[in-house]
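**Q** Let me begin by handing over the structure; questions about it come next.
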Amino acid sequence: MINIQTYLPGKMQNARLNADVQTGTKLNGMFRYLSTFSLMSSFASLASLFVAL
258 MINIQTYLPG KMQNARLNAD VQTGTKLNGM FRYLSTFSLM SSFASLASLF VAL
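Letter 45 of the sequence shown, counting from 1, is numbered 302 in my numbering, and no numbers are missing.
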């Protein structure tokens with residue numbers, strides 16, 4: 258028989274860790290997307306500056 262008092266909290270902890278990892282990777286992807294977007298926009302503004310010159 259499984260000891261529920263140690264088994265269930267462990268399961269909950271694992272699920273919480275899993276959720277944290279998933280949200281972390283989602284946030285990481287969003288940050289990567291935002292950073293590439295800002296890089297692209299800065300390149301675009303630099304290009305427009307050169308065109309204006």
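Cβ atoms here follow ideal geometry from the backbone N, Cα and C, with glycine treated the same way.
1) Could you have a look at L310 and say whether DSSP puts it in helix, strand or coil?
2) Run through DSSP, which three-state label would N275 get?
3) So, helix, strand or coil for N260, using DSSP?
4) Would you report the Cα separation of L265 and N271, rounded to the nearest angstrom?
**A** So, from the data block:
1) coil
2) helix
3) coil
4) 10 angstroms
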